[in-house]
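Each step along the sequence shown adds one to the number in this note's numbering, with nothing skipped, and position 86 is 86. Positions of the beta carbon are idealized from the N, C-alpha and C atoms, including for glycine. Fair warning: this is a prediction, and the values are worked out from it, not measured in the lab. Have a look at the structure below, then the notes.
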Amino acid sequence: MVNYVDATSQAKRTPGVIPLHGAEGFAGMRKAGRLTAEALDMLVEHVHPGVTTGELDQLALQFARDHGAVPATLFYKGYRHSVCTSINHVVCHGIPGDRPLREGDIVNIDLTLVVDGWHGDSSRMYPVGEISRKAERLIRVTYESLARGIDAAVPGNTTGDIGAAIQRYAEAERTSVVRDFVGHGLGQLFHDEPNILHFGTPGMGPRLKPGMIFTIEPMINLGRPQVKILNDGWTAVTRDRTLSAQCEHSIGITETGHEVFTASPAGLFNPLDAR
Ligand code: MF3
Ligand code: CO
Ligand code: CO
1 MVNYVDATSQ
11 AKRTPGVIPL
21 HGAEGFAGMR
31 KAGRLTAEAL
41 DMLVEHVHPG
51 VTTGELDQLA
61 LQFARDHGAV
71 PATLFYKGYR
81 HSVCTSINHV
91 VCHGIPGDRP
101 LREGDIVNID
111 LTLVVDGWHG
121 DSSRMYPVGE
131 ISRKAERLIR
141 VTYESLARGI
151 DAAVPGNTTG
161 DIGAAIQRYA
171 EAERTSVVRD
181 FVGHGLGQLF
191 HDEPNILHFG
201 TPGMGPRLKP
211 GMIFTIEPMI
221 NLGRPQVKIL
231 NDGWTAVTRD
241 RTLSAQCEHS
251 IGITETGHEV
261 FTASPAGLFN
271 PLDAR
């Protein structure tokens with residue numbers, strides 16, 4: 001069982017307690033989500049062969065500073081960077097560094113900007129130059145998975161309806177859904193209730209109510225769903241080394257449906273739209 005409480009009454013995460021946000025929270029998320037999307041838009045022209053993921057990290061940090069925002073991942077649980085950069089078979093939490101991107105790579109950049117205390121969390125795929133057809137297909141399936149999940153995020157549905165919509169589609173496309181990482185509530189907290197599984201059974205899990213704010217961030221693999229964590233304690237990779245992709249939006253449940261806080265003002269969220 002879960003309980004729903006006024007978000008303003010909760011200072012920290014409590015298992016089984018789902019905060020419901022009001023107009024102030026939605027306004028805060030709109031601003032944080034938009035700035036995060038603008039930062040991810042800014043990075044598009046910088047992703048090319050030869051650029052290092054460390055350089056992309058610095059660009060994101062500078063953008064945050066220039067706009068009065070703070071990257072939520074900086075010094076979060078010992079993490080020391082502004083973004084996660086997950087290349088090819090890296091599923092998520094790839095650490096920026098000296099590795100130059102190469103033609104044909106696909107890289108996910110995941111950024112959370114904190115603006116006036118509110119967290120905008122989003123990630124997208126960035127193709128590096130020309131990419132293979134299988135990489136392109138994986139990106140297509142991953143974006144459509146997120147779209148199906150968002151479509152199911154309406155009041156009266158449950159979190160299980162979101163996961164089931166993603167899983168049904170991704171598996172019909174002969175890809176697999178990573179089980180080890182989930183979407184999450186957020187707001188003035190980076191990671192809050194509820195967990196949003198990207199797989200599941202229709203009708204299971206907490207019912208969606210207006211005022212809930214959370215991410216949906218499916219990780220989809222061309223091969224098997226299993227992951228392992230590298231010795232750095234962060235980098236998650238596919239066990240079978242097949243390609244993995246992810247995309248993430250922060251959304252809020254409204255009376256009639258949902259609002260996507262991290263939509264790209266420039267229409268650059270899905271890189272394949274531009275091709
Ligand atoms: N932004 C990630 C998410 O979508 C969290 C990254 S935590 C980090 O929830 F420490 F790895 F950066
Ligand atoms: Co997230
Ligand atoms: Co994220």
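Residue range of the unbroken beta strand (DSSP E) whose run includes residue i
i	result
V2	It is not in any beta strand (DSSP E) - V2 carries neither H nor E in the DSSP assignment.
I253	249–253
Y126	118–127
E193	192–196
H258	258–260
M212	Run containing M212: none; DSSP gives neither H nor E here.
K228	227–229
D180	Here D180 belongs to no beta strand (DSSP E), and DSSP marks it neither H nor E.
V114	106–115
M204	First-last for M204: undefined, no H or E at that position.
N282	One cannot answer for residue 282 here, as it falls past the ends of the chain, which runs 1 to 275.
P100	Premise fails: P100 is in no beta strand (DSSP E) and is neither H nor E.
S86	83–87
V47	Per DSSP, V47 belongs to no beta strand (DSSP E) and is neither H nor E.
V90	90–92
V17	17–20
Residue i - containing alpha helix (DSSP H), residue span
i	result
M29	23–44
L138	133–151
R65	53–66
T242	Premise fails: T242 is in no alpha helix (DSSP H) and is neither H nor E.
T159	159–172
Residue environment, residue i, which counts as buried when at least 16 other CB atoms sit within 10 Å
i	result
M1	exposed
H48	exposed
M219	buried
A172	exposed
V37	Rather than Val, the amino acid found at residue 37 in this sequence is Ala. Buried, since its Cβ has 16 or more Cβ neighbours within 10 Å.
T175	buried
A7	buried
H81	buried
E278	It is not possible to answer for residue 278, since the shown part of the chain is limited to 1 through 275.
A64	buried
I162	buried
R148	buried
E103	exposed
G205	buried
D57	buried
G183	buried
V91	buried
G203	exposed
A135	buried
Distance between beta carbons of residue j and residue i, contact taken as under 8 Å
i	j	result
I213	G185	6 Å
L113	S123	Rounded, the Cβ-Cβ distance is 12 Å, inconsistent with contact.
A39	A60	6 Å
*Go through the residues and name those whose CB comes closer than 6 Å to any heavy atom of ligand 2, in chain order.*
Counting every residue whose Cβ lies closer than 6 Å to a heavy atom of ligand 2, we get D121, H184, T215, E217, E248.
*Okay, do the stretch 74–83 and the stretch 140–157 touch, 3+ Cβ pairs below 8 Å being the bar?*
no
*asked:* Under 8 Å: do the stretch 233–243 and the stretch 184–203 share three or more Cβ pairs, one atom per stretch?
replied: no
_With a threshold of 8 Å, are at least 3 pairs of Cβ atoms found where one atom belongs to the stretch 20–37 and the other to the stretch 241–254?_
yes
*asked:* Across the stretch 115–130 and the stretch 39–54, are there enough close Cβ pairs to call them in contact, namely three or more that are closer than 8 Å?
replied: yes
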